[in-house]
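Worksheet: the structure to be examined is printed underneath.
There are 2 protein chains.
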Amino acid sequence: MDLPYPCLMFLADVDRVSAKTALGVAYWRPDACVGQLRLKGSEVDLGLADMSPAAAKAAGARSLLIGVANAGGFIPSHWEDVLVEALEAGLDLVSGLHTRLASLPRVRETAERLGRRLFEAREADPRFNVVAEGVKRTGQRLLTVGTDCAVGKMYAALALTKELKARGVNADFRATGQTGIFIAGSGAPIDAIVSDFVAGAAEALSPSAAVDHWDVIEGQGSLFHPAYAGVTLGLLHGSQPDAIVVCHDATRTAIDGLERFPTPSLAEAIDLNLRLARLTNPAVRAVGVSVNTSRLSPEAAAAYLNDAAEQLGLPCCDPVRASVAPIVDALLGGPARRDAA
Amino acid sequence: MDLPYPCLMFLADVDRVSAKTALGVAYWRPDACVGQLRLKGSEVDLGLADMSPAAAKAAGARSLLIGVANAGGFIPSHWEDVLVEALEAGLDLVSGLHTRLASLPRVRETAERLGRRLFEAREADPRFNVVAEGVKRTGQRLLTVGTDCAVGKMYAALALTKELKARGVNADFRATGQTGIFIAGSGAPIDAIVSDFVAGAAEALSPSAAVDHWDVIEGQGSLFHPAYAGVTLGLLHGSQPDAIVVCHDATRTAIDGLERFPTPSLAEAIDLNLRLARLTNPAVRAVGVSVNTSRLSPEAAAAYLNDAAEQLGLPCCDPVRASVAPIVDALLGGPARRDAA
Numbered sequence: 002m003d004l005p006y007p008c009l010m011f012l013a014d015v016d017r018v019s020a021k022t023a024l025g026v027a028y029w030r031p032d033a034c035v036g037q038l039r040l041k042g043s044e045v046d047l048g049l050a051d052m053s054p055a056a057a058k059a060a061g062a063r064s065l066l067i068g069v070a071n072a073g074g075f076i077p078s079h080w081e082d083v084l085v086e087a088l089e090a091g092l093d094l095v096s097g098l099h100t101r102l103a104s105l106p107r108v109r110e111t112a113e114r115l116g117r118r119l120f121e122a123r124e125a126d127p128r129f130n131v132v133a134e135g136v137k138r139t140g141q142r143l144l145t146v147g148t149d150c151a152v153g154k155m156y157a158a159l160a161l162t163k164e165l166k167a168r169g170v171n172a173d174f175r176a177t178g179q180t181g182i183f184i185a186g187s188g189a190p191i192d193a194i195v196s197d198f199v200a201g202a203a204e205a206l207s208p209s210a211a212v213d214h215w216d217v218i219e220g221q222g223s224l225f226h227p228a229y230a231g232v233t234l235g236l237l238h239g240s241q242p243d244a245i246v247v248c249h250d251a252t253r254t255a256i257d258g259l260e261r262f263p264t265p266s267l268a269e270a271i272d273l274n275l276r277l278a279r280l281t282n283p284a285v286r287a288v289g290v291s292v293n294t295s296r297l298s299p300e301a302a303a304a305y306l307n308d309a310a311e312q313l314g315l316p317c318c319d320p321v322r323a324s325v326a327p328i329v330d331a332l333l334g335g336p337a338r339r340d341a342a
Numbered sequence: 002m003d004l005p006y007p008c009l010m011f012l013a014d015v016d017r018v019s020a021k022t023a024l025g026v027a028y029w030r031p032d033a034c035v036g037q038l039r040l041k042g043s044e045v046d047l048g049l050a051d052m053s054p055a056a057a058k059a060a061g062a063r064s065l066l067i068g069v070a071n072a073g074g075f076i077p078s079h080w081e082d083v084l085v086e087a088l089e090a091g092l093d094l095v096s097g098l099h100t101r102l103a104s105l106p107r108v109r110e111t112a113e114r115l116g117r118r119l120f121e122a123r124e125a126d127p128r129f130n131v132v133a134e135g136v137k138r139t140g141q142r143l144l145t146v147g148t149d150c151a152v153g154k155m156y157a158a159l160a161l162t163k164e165l166k167a168r169g170v171n172a173d174f175r176a177t178g179q180t181g182i183f184i185a186g187s188g189a190p191i192d193a194i195v196s197d198f199v200a201g202a203a204e205a206l207s208p209s210a211a212v213d214h215w216d217v218i219e220g221q222g223s224l225f226h227p228a229y230a231g232v233t234l235g236l237l238h239g240s241q242p243d244a245i246v247v248c249h250d251a252t253r254t255a256i257d258g259l260e261r262f263p264t265p266s267l268a269e270a271i272d273l274n275l276r277l278a279r280l281t282n283p284a285v286r287a288v289g290v291s292v293n294t295s296r297l298s299p300e301a302a303a304a305y306l307n308d309a310a311e312q313l314g315l316p317c318c319d320p321v322r323a324s325v326a327p328i329v330d331a332l333l334g335g336p337a338r339r340d341a342a
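Top to bottom, those sequences are chains V and W. When the count follows our numbering, it moves up by one through the first sequence with no breaks and lands on 342 for the last residue. When the count follows our numbering, it moves up by one through the second sequence with no breaks and lands on 342 for the last residue.
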């Protein structure tokens with residue numbers, strides 16, 4: 002997907018959790034954003050200049066990107082004025098929501114009239130509409146899994162890929178969500194794929210590769226999420242991971258927005274993910290834990306990570322505060338391997 | 002969905018496993034079929050008269066129904082001549098495959114020219130495109146689950162519904178696959194739903210009901226199937242079953258078509274289904290096992306069912322050879338409840 006960057010990042014009027022697409026793209030692809038556009042009620046500031054579509058166009062923007070990942074993936078009708086204004090100002094539109102831009106009559110007609118393009122990241126490439134075969138592929142795979150949604154699975158996968166590459170390891174980040182696809186420029190929008198084909202799409206996303214190659218696959222949802230666990234399981238089975246990294250938010254006690262559902266303990270999350278992953282890769286192992294400790298003091302964060310590491314016998318890192326190097330050490334066989342690389 | 006019955010059942014050239022749609026509809030809705038149409042290579046005989054589309058039309062048929070559930074749900078190009086011939090003969094078309102009839106140019110154009118209708122059972126009603134909320138609903142739910150695909154989950158659900166109704170219990174069969182939808186006339190084509198919405202569709206399929214009402218929900222796939230376990234898990238979580246019945250084929254040792262994947266033991270299947278189902282309904286219990294023993298002698302079948310019942314402490318029945326009454330006894334609290342009904 003050849004995305005029309007740089008973009009004007011549309012933050013609409015959502016909270017930080019729903020703005021994770023904007024936050025992710027702005028962090029990992031700062032080159033891709035010339036400014037931000039917020040509606041009244043927005044709780045997010047990317048630190049970019051606030052701009053109208055016309056001002057963004059003048060500043061070099063080629064598109065308006067909807068930086069939102071809301072539950073249900075819908076486009077509320079009060080955003081349509083902005084989308085139409087962006088088209089009128091000369092910008093293409095980029096969206097990763099379930100609601101298709103082309104399904105909105107005003108948006109479609111304006112784009113057609115002006116010759117603008119509508120990019121839909123959740124429209125899966127037909128090559129992902131396949132039934133999984135369960136055949137083991139060559140090459141090695143790491144999948145990030147989570148205790149909940151929005152706990153840093155994409156961030157951890159990108160940080161792990163960066164660290165692997167820095168050590169000279171042949172590695173690729175494999176995007177499975179809209180934000181990851183916007184960052185990488187390609188991927189499989191796994192939660193938008195027809196359910197019969199989810200595991201098959203995961204197989205197609207990380208094809209056979211050289212034996213020392215690592216695919217680092219962005220996880221989706223959580224086995225403990227009552228709405229999305231099926232998506233998570235299909236991705237887990239199709240990815241056939243050799244290694245998993247469990248991602249968690251240190252201060253979250255319940256599934257986001259579903260207070261009745263407690264987040265699992267890290268031990269429980271590791272246990273269930275490994276049990277289910279063994280179906281397609283009996284050799285799967287957990288190699289580390291990635292924790293968002295942003296709501297803890299530095300001292301509390303360090304204590305949390307030390308306690309978890311001791312209890313689980315695995316490296317536990319906050320990839321934003323520090324590095325994922327200890328997890329990559331464990332993945333590649335310990336620090337000795339680092340020196341050899 | 003107001004299906005144009007009776008139909009001419011199209012068996013194409015597939016084996017018995019892929020003809021399960023035809024076999025199911027012919028068994029449960031004999032009123033709905035006037036004849037069968039087989040291609041060279043067909044291994045299935047429904048015991049209906051072989052007819053051309055024109056002969057079926059003369060015999061009162063209103064449609065040709067594609068009685069096939071193949072892996073991938075595709076329509077091979079060599080079936081198209083028959084579909085066009087049926088349209089020309091005056092029949093509507095009914096399909097439950099992933100490939101949409103309307104996506105085949107010759108079929109679409111012929112239907113448009115002649116004013117015939119194309120029924121697509123795998124086109125989900127938009128009311129099923131919702132994110133699950135995980136809120137417990139009133140009323141009671143039984144879900145059939147399986148050690149594999151095509152082990153009798155739909156048959157068991159229909160037999161259980163029939164037995165419940167015979168005892169005066171307020172019960173509904175809830176279809177989740179094309180065959181079930183063809184039998185019941187409505188349902189959610191769960192494996193064709195966008196993966197994010199599978200659990201939500203399952204919630205919408207069995208809404209809140211009277212406290213003594215039972216929804217008997219047709220299961221899909223298997224938690225032990227490397228391609229479809231995610232579909233199974235989404236359905237399990239959204240259904241929030243109070244009771245599960247595990248379905249199995251007594252002579253199957255590996256997942257159909259995937260010899261590298263052994264079928265689980267019944268104990269293993271019960272354990273994993275209960276563990277995962279507890280997320281949305283901690284009170285879930287297994288109430289019985291439904292076994293396809295058609296490839297065993299009557300004596301071997303009886304021995305198999307007795308052994309399994311003793312080992313598991315649950316009623317084990319072959320719903321085709323005998324009745325599911327012992328499972329309904331366990332569901333409703335033992336035979337005493339039967340007398341009271």
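Where a beta carbon is used, it is the ideal one built from N, C-alpha and C, also for glycine.
Contact note: W:ALA200 reaches chain V through PRO227, ALA228 and GLY231, using a C-beta cutoff of 7 angstroms and chain order. DSSP places W:GLY289 in the uninterrupted beta strand (DSSP E) bounded by 286 to 293. Three or more beta-carbon pairs separated by less than 8 angstroms are not found between the region 119 to 126 of chain W and the region 198 to 216 of chain V, which leaves the two stretches without contact. Interface flag for V:ARG261 against chain W is set, since a Cβ pair is found closer than 8 angstroms. Residues of the same chain with a CB within less than 7 angstroms of the CB of V:ALA151, apart from the 5 flanking positions on each side, are VAL18, LYS21 and ASP257 in chain order.
Taking 8 angstroms as the threshold, the shortest C-beta distance from V:ILE194 to chain W falls below it. No Cβ-Cβ contact shorter than 8 angstroms links V:PRO127 with V:ARG63.
Between the beta-carbon of V:LEU306 and that of V:HIS238 there is about 30 angstroms, and that puts the pair past the 8 angstroms contact cut. Annotated three-state conformation of V:GLY239 is helix, per DSSP. Listed in chain order, the positions of the region 129 to 140 of chain W with a beta carbon within less than 7 angstroms of a beta carbon of chain V are VAL132, ALA133 and GLY135. Taking 8 angstroms as the threshold, the shortest C-beta distance from V:GLY36 to chain W does not fall below it. V:GLN312 and V:ALA302 have their C-alpha atoms spaced approximately 15 angstroms apart. Classified as exposed, V:HIS79 has fewer than 16 neighbouring CB atoms from the shown chains inside 10 Å of its CB. The beta-carbon of V:LEU206 is placed no less than 8 angstroms from the nearest beta-carbon of chain W. If you look at W:GLU134, you'll find it isn't in any alpha helix (DSSP H); DSSP assigns it neither H nor E. Boundaries of the alpha helix (DSSP H) around V:GLN179: 179 to 185.
Rounded to whole angstroms, the separation of the alpha carbons of V:GLY289 and W:PHE174 is 45 angstroms. W:PRO263: not part of any alpha helix (DSSP H); member of the beta strand (DSSP E) spanning 259 to 263, first to last residue.
Collapsing the DSSP output to three states places W:SER324 in coil. Excluding sequence positions up to five before and after V:ALA133, its CB lies within less than 6 angstroms of the CB of ALA200, GLY201, GLU204 and GLY239, all in the same chain and listed in chain order. Counting along the chain, W:ALA55 sits inside no beta strand (DSSP E); it lies in the alpha helix (DSSP H) bounded by residues 54 to 59. In this chain, the alpha helix (DSSP H) harbouring V:ARG109 covers 106 to 115. Nearest Cα to V:ARG123 within the set V:LEU102, V:GLN179 and V:GLY235: V:GLN179. Contact annotation: W:ILE182 and W:MET2 have beta-carbon atoms nearer than 8 angstroms. The beta carbon of W:LEU105 sits no closer than 8 angstroms to any beta carbon of chain V. Contact between W:THR145 and W:GLU219 holds: CB atoms are separated by about 6 angstroms, below the 8 angstroms threshold.
Under the three-state reduction of DSSP, W:ILE191 is assigned to helix.
C-alpha of V:LYS41 to C-alpha of V:ALA185: approximately 30 angstroms in a straight line. Pairing V:PHE129 with W:PRO327, the inter-Cα distance amounts to about 44 angstroms. With a cutoff of 8 angstroms on beta-carbon distance, W:SER196 and V:GLY235 are scored as near each other.
Contact with chain V is found for W:LEU234, since one of that chain's Cβ atoms lies less than 8 angstroms from the residue's Cβ.
For V:ARG101, the three-state secondary structure derived from DSSP is coil. W:LEU275 has a beta carbon lying at 8 angstroms or more from every beta carbon in chain V. Among the CB atoms of chain W, one or more fall inside 8 angstroms of the CB of V:GLY73. Within chain V, the residues SER196 have their CB atoms less than 8 angstroms from the CB of W:ILE191, given in chain order.
The beta carbon of W:LEU280 falls within 8 angstroms of a beta carbon belonging to chain V, placing the residue at that interface.
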